[in-house]
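Chemist:
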Amino acid sequence: MSAQKPQDRYAAWLHYVNEHVRLLESGKSILPGPTSEPRPATTSAASGRPLQVVLCSPHPDDEALTGALPLRLRLELGATVTNCAITLGSDVARREGRLRELESACRVLDFGLAIPRDPGGFESVNVKTRTEQPEAWAAMVRTLLNTFERLQPDAVFAPHAEDWHPAHVGTHFLAIDALAEFISRTGRGAIPLIETSYWHEHAQPNLMVGVSPERVATLVMATAEHSGEISRNPYHLRLPSRMIENVRRGAETIGGAGGAAPDFPFAELYRVTFVNGTGQRPPRVGGLISGPAEKFDWAAVLDQFRPPEL
Numbered sequence: 006m007s008a009q010k011p012q013d014r015y016a017a018w019l020h021y022v023n024e025h026v027r028l029l030e031s032g033k034s035i036l037p038g039p040t041s042e043p044r045p046a047t048t049s050a051a052s053g054r055p056l057q058v059v060l061c062s063p064h065p066d067d068e069a070l071t072g073a074l075p076l077r078l079r080l081e082l083g084a085t086v087t088n089c090a091i092t093l094g095s096d097v098a099r100r101e102g103r104l105r106e107l108e109s110a111c112r113v114l115d116f117g118l119a120i121p122r123d124p125g126g127f128e129s130v131n132v133k134t135r136t137e138q139p140e141a142w143a144a145m146v147r148t149l150l151n152t153f154e155r156l157q158p159d160a161v162f163a164p165h166a167e168d169w170h171p172a173h174v175g176t177h178f179l180a181i182d183a184l185a186e187f188i189s190r191t192g193r194g195a196i197p198l199i200e201t202s203y204w205h206e207h208a209q210p211n212l213m214v215g216v217s218p219e220r221v222a223t224l225v226m227a228t229a230e231h232s233g234e235i236s237r238n239p240y241h242l243r244l245p246s247r248m249i250e251n252v253r254r255g256a257e258t259i260g261g262a263g264g265a266a267p268d269f270p271f272a273e274l275y276r277v278t279f280v281n282g283t284g285q286r287p288p289r290v291g292g293l294i295s296g297p298a299e300k301f302d303w304a305a306v307l308d309q310f311r312p313p314e315l
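Counting in this note's numbering, the sequence shown runs from 6 upward without gaps.
(1) Return the Cβ separation of L212 and R276 in integer angstroms, given the expectation that the two are a contact with Cβ distance under 8 Å.
(2) Taking C-alpha atoms, which residue in A119, A144, D115 lies nearest to E128?
(3) Pull the bridge partners of V161 from the DSSP assignment, please.
(4) With a threshold of 8 Å between beta carbons, is P197 in contact with chain B?
(5) Less than 8 Å between the beta carbons of L82 and L60, yes or no?
(6) Could you pull the DSSP bridge partners for G215 from this structure?
(7) Which residue from R99, A172, P297 puts its Cα closest to that of E219?
(8) Helix, strand or coil: how does DSSP classify L107 here?
(9) Look up G284 in the DSSP assignment and say whether it is helix, strand or coil.
(10) With which residues is I294 paired in a DSSP beta bridge?
(11) Taking N88 as part of the beta strand (DSSP E), name the residues at either end of that continuous run.
(12) Identify the residues that DSSP records as bridge partners of T278: which are they?
(13) Could you tell me whether the Cβ atoms of T152 and A119 are closer together than 8 Å?
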C-alpha cells in the first residue's frame, strides 16, 4: 500500500503526463529539413559481398517511419540499403519538393535511392488497378522487376496486406508480384519479404527489433526532412511514442501472452515472410526479439523463420 496520499499520487502522474506534452511541444522548435549534407552514423564494414536490402516505400517518409531494421542492418552488418520510391505522392504539384525531401532523408539514413518509374513514381498503385487494369499492373511489375534485377536484393521490405492506405496495400502486392517474377527469371531461391506496418497494426508480427535512442533520433531527423508532410501532420514528433507502444504490444504478440516487457524503450515490429517463384510463403511459426544492445543476427532470423520446404 502506497504511503502517498491519493492527491499527491495524482499530482505526480499529472506531472508525468505533462512532461510528455512538454517534450512533444519542445520538438516543434527544432528546424525541419531538407538539409544538404547530414553526417550519417558510422557503418560496420561488411566481409565479402554486402547484404543487399531494398525497402519498397509507398510514399516519401516511409523509409524513415518504418526503416529501423534496415538502418540497423546498414550500421551493424554493413548492408547496402536502397530505398525504392514506389510513388512520390498523389499531389503532382508537390512531387518535385517531395523528391528533394526524400533525397535529404536518404542522406540522413545513408540509404541509396531508386525510383523505378523516374521521374514521377508510379501512379495508382492499389488493389483496384491490380484487379481491374491487369495490363497497367503488369507494366508496373515489369518496371519494378527491372529495378530488382539491377539491385539484386537479398531482402525486400514492403507494407503488409492490411496496412489500410491504398498505396501501402498496393505496394505490398506490387513488391510480391515483381519479386516472384525476379526469382523465376534468375532461378534464385526464396528471398525474405519483411512486412512493415504503419497505418494499421500487423495482426501477426513475428520480429521485434529494439532500437537505441541514438537510432531513434536518426529516424526522427530523417522523418523531419519531409518538411512539407510534417507541416500538416507531425509524424516525426510522435515517432518515439509509437516505438514505445511497439514494445508494449510486441512483448506479448511476439514474446507470448502474459510475458514481461523487455527493458528497452523503443522497438519496431515486423513480420518475416518469404517469396519464391510462385508468390509469398508463410514463415515458420514463432517469434524473435532482438534488443538494441546486441548485434543484429541476420542468419538467426533466416534460420528462425524459413519454412523447411524452402
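Even glycine gets a Cβ: it sits at the ideal position worked out from N, Cα and C.
Modeler: Quick answer:
(1) Under the criterion of beta carbons closer than 8 Å, L212 and R276 qualify as touching, at roughly 7 Å.
(2) Minimum Cα distance to E128 is reached at A144.
(3) Bridge pairing for V161: V59, L198 [DSSP].
(4) Here chain B cannot be found, since the structure has a single protein chain.
(5) Using a Cβ distance threshold of 8 Å, L82 and L60 do not count as a contacting pair.
(6) Under DSSP, G215 forms a beta bridge with A272.
(7) It is P297 whose Cα lies nearest to the Cα of E219.
(8) In the structure shown, L107 sits in a helix (DSSP, three-state: H, G or I).
(9) Correct three-state label for G284: strand.
(10) Under DSSP, the beta-bridge partners assigned to I294 are M213.
(11) For N88, the enclosing beta strand (DSSP E) stretches over residues 85–90.
(12) In the DSSP assignment, T278 is bridged to L198.
(13) In this structure, T152 lies near A119, with their beta-carbon atoms less than 8 Å apart.
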